[in-house]
Every structure is written in structure tokens, then in C-alpha cells.
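Undergrad: This is the structure I want to talk about, given as C-alpha cells.
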Amino acid sequence: MVKITAAEVNKLRQTTGAGMMDCKKALVEAEGDFDKAIEILRKKGQKVAANRADRESTEGAAIAKVNDAKTVGVAIVLGCETDFVGKNESFVELANQLADLAFNYNSQDAFLAADFGGMTVADKLIEQTGVIGEKLQINAFEKIEAPFVGSYIHAGNKIATLVGLSANVDGAEVVAKDVAMQVAAMNPIALDQDGVDQSVIDKEIEIAKDQLRQEGKPEAMLDNIAKGKLNRFFKDNTLVNQDFIKDSKLSVANYVKSIGNDVKVVNFKRVALG
-18 MVKITAAEVN
-8 KLRQTTGAGM
2 MDCKKALVEA
12 EGDFDKAIEI
22 LRKKGQKVAA
32 NRADRESTEG
42 AAIAKVNDAK
52 TVGVAIVLGC
62 ETDFVGKNES
72 FVELANQLAD
82 LAFNYNSQDA
92 FLAADFGGMT
102 VADKLIEQTG
112 VIGEKLQINA
122 FEKIEAPFVG
132 SYIHAGNKIA
142 TLVGLSANVD
152 GAEVVAKDVA
162 MQVAAMNPIA
172 LDQDGVDQSV
182 IDKEIEIAKD
192 QLRQEGKPEA
202 MLDNIAKGKL
212 NRFFKDNTLV
222 NQDFIKDSKL
232 SVANYVKSIG
242 NDVKVVNFKR
252 VALG
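Each residue of the sequence shown is one higher than the one before, counting from -18 in the working numbering.
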């Protein structure tokens, strides 16, 4: 029987994140072959992943990061099954490492195929499923680019947001973070009315007309009143038209103009657990 040293066990643990006993068992089974031991742990992860494929990974960590130049932002959700694992320090650290890697990719598929310590991100998630014993997956992947990008992560890593501004000017960092907090709190469906899908607009108009009919309003008046209700819908649900949460006398668009009349919000993304 090959003697397995504590140093070898520790090296495998550092490489894979697996527990000490799992690492020792894998090295014993692999007769001291390090690469074979990694493969054994990976297969264990595949087996656990297959057994938990129908589980819901609605807990986890939502992470948003911005590059040093403040021109690119990424937001991901690393999902797991329980809040207990989602709050675990090593799990959150893995989520942060994955977010750092995500800067280099423009789609979730490309990101999942990316190299992470000698294996793909997808394989790493399978491996960690075996280590942790819960289904792990990337539940969201978003990336934006703008002249200035800000971010916000809600307490407990439940929600992460990105906001792009049209210019990098004095005050942009504070304003971008404030608007990113707005996105987290108010969950707008679009940047402005032009970004709202026509099917959503049609549905809102129909709902408004049905309500007005039930109130006994004449059919000839329905279109005009429904348009007024639609404008209210845009005000409540599109980011730049919403009341700014820190000062309801201002719209978000007007708040952003406080750092420059030509400065606008050009993009935003929001990811969340569940």
C-alpha cells in the first residue's frame, strides 16, 4: 500500500477544495497518483451532480464586479440549494473567483467553457457539487460596457446590480452606485419606455381598459384614459422615469443630470437569487 503523506493530502485539498478525508481516500484509491486522484474526486462530483440534477439551486451568492477602469461590469449568480451553503465563506470566495474570470467572456456558454485551474468552469461546478453535496450552477451571467460602470451588492449577496453611465465625470461613482441601489430596490423592467416589450404594453392597455369598463366608463373614453394609465406604468416600472428612492421629488434621469446635463443612464443589469 502506497504511503500518503499529509503534504500530498493538503496539496490535493488546495487544488480541489475537497475535504481532507475525501482527498486522502482519493489518493489511496489512486495509489498516490495526483492526477488520478483529481479524476476520482471529479467522478464523485459527477455522480452527486447526477443524483441532484432535479434539485432547485435557488440559494447562493449574487456578485457584481467592475474593472479598474470602471468601463466593464459583470454580475453572476452562483446558485446552491441551501442558505447555509450560500453564506459559507469558501462558497462566496468561489463565487468571487468566478466573477473575476467572467470579465474575459461575453456569454454564459463561453464562460462555462473557460479554464478554471486546469478544468472548465462547468467541470469545477460539478467537482464542487461532489465536495459540498449540493447542486451548484451558474444561475445568471450579465456583462455591460459603458463610459462609466458602477455596481452594488445587496446585503447577504442576495441581489447584485450594474449601471452604465454615458460619461465618466466627477460624481459618477456616487451617482452610479445610487442608481445601482435603485435597480436593486425597485427592479425596473426596462431602462425607459422604448425598452418595454410591445406585448407588455398591449397587456397593460388591455388591463386598464377592463378596469375602466368595470367602473362604467364610456367606451369612447377608454383609449385616452388607458394611455394615462400606461404613462403611470412607465413611470413606476422604467428606471429613468422612476422616482429616485433617495429623493422622490426627482426622477432617476434628473438625479443623474445633477453631475452633468448630458449625463444619462445607458444600461443596467440586475441578478438575484431565486
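By construction, the Cβ of each residue, glycine as well, lies at the ideal position given by its N, Cα and C atoms.
Keeping to the same chain, check which residues put their C-beta closer than 7 angstroms to that of Tyr86; ignore five residues upstream and five downstream.
TA: To locate residue 86, count along the sequence shown from 1; it is residue 105. Cβ within range, chain order: Phe92, Ala95.
Undergrad: On a CA-only basis, which of Glu108, Asn48, Arg213 is nearest Thr(-3)? Give me that one, please.
TA: The sequence position of residue -3 within the sequence shown is 16, counting from 1. Ranking the options by Cα distance to Thr(-3), first place goes to Glu108.
Undergrad: From this set, Val58, Asp49, Lys51, Lys46, which residue's C-alpha is nearest Glu40's C-alpha?
TA: Translated into positions along the sequence shown, residue 40 becomes position 59. Comparing Cα-Cα distances from Glu40 to each of Val58, Asp49, Lys51, Lys46, the minimum goes to Val58.
Undergrad: Terminal residues of the continuous beta strand (DSSP E) containing Leu254?
TA: If you number the sequence shown from 1, residue 254 lands on position 273. No beta strand (DSSP E) holds Leu254; DSSP gives it neither H nor E.
Undergrad: Between the alpha carbons of Ala253 and Ala42, how many angstroms are there, rounded?
TA: What you label residue 253 is simply residue 272 of the sequence shown in a count that begins at 1. What you label residue 42 is simply residue 61 of the sequence shown in a count that begins at 1. Rounded to whole angstroms, Ala253 to Ala42 spans 8 angstroms at the Cα level.
Undergrad: In terms of residue numbering, what span does the alpha helix (DSSP H) encompassing Asp243 cover?
TA: Taking the first residue of the sequence shown as position 1, residue 243 is located at position 262. It is not in any alpha helix (DSSP H) - Asp243 carries neither H nor E in the DSSP assignment.
Undergrad: My output table needs one value for Phe65: the three-state DSSP class, helix, strand or coil.
TA: For the purposes of this step, residue 65 is identified with residue 84 of the sequence shown, where counting begins at 1. Phe65 falls in the helix class under three-state DSSP.
Undergrad: Less than 8 angstroms between the C-beta atoms of Asp90 and Arg23, yes or no?
TA: Working through the sequence shown from its first residue, we reach residue 90 at position 109. Working through the sequence shown from its first residue, we reach residue 23 at position 42. Not closer than 8 angstroms, so no.
Undergrad: Quick check on the DSSP output: what are the complete beta strand (DSSP E) runs of length 3 or more inside the stretch 41 to 101, in order along the chain?
TA: Here the runs fully enclosed are 53 to 61.
Undergrad: May I ask which residues mark the beginning and end of the alpha helix (DSSP H) holding Gly197?
TA: As a first step, residue 197 is located in the sequence shown; it is residue number 216 there, counting from the start. Where Gly197 is concerned, there is no enclosing alpha helix (DSSP H), given that its DSSP letter is neither H nor E.
Undergrad: From Ala121 to Tyr133, what distance separates their C-alpha atoms?
TA: Taking the first residue of the sequence shown as 1, we reach residue 121 at position 140. Taking the first residue of the sequence shown as 1, we reach residue 133 at position 152. One C-alpha to the other measures close to 16 angstroms.
Undergrad: Helix, strand or coil: how does DSSP classify Leu117 here?
TA: On the sequence shown, residue 117 is found 136 positions in, with the first residue counted as 1. Of the three classes helix, strand and coil, the one that applies to Leu117 here is coil, per DSSP.
Undergrad: Can you look up Thr219 in the DSSP assignment and give me helix, strand or coil?
TA: For the purposes of this step, residue 219 is identified with residue 238 of the sequence shown, where counting begins at 1. Note: Thr219 maps to strand in three-state DSSP.
Undergrad: Going by beta-carbon coordinates alone, are Ile182 and Leu193 separated by less than 8 angstroms?
TA: Mapped onto the sequence shown, residue 182 falls at position 201. Mapped onto the sequence shown, residue 193 falls at position 212. Result no, Cβ atoms of Ile182 and Leu193 do not sit closer than 8 angstroms.
Undergrad: Could you tell me whether the stretch 46 to 55 touches the stretch 110 to 126, where touching means 3 or more Cβ pairs closer than 8 angstroms?
TA: Judged by Cβ distances under 8 angstroms, the stretch 46 to 55 makes contact with the stretch 110 to 126, as three or more pairs qualify.
Undergrad: Which whole-angstrom value describes the C-beta separation of Thr142 and Ala83, a residue pair presumed to lie in contact below a C-beta threshold of 8 angstroms?
TA: The residue labelled residue 142 in the question sits at position 161 within the sequence shown. The residue labelled residue 83 in the question sits at position 102 within the sequence shown. Not really, about 15 angstroms apart at Cβ, beyond 8 angstroms.
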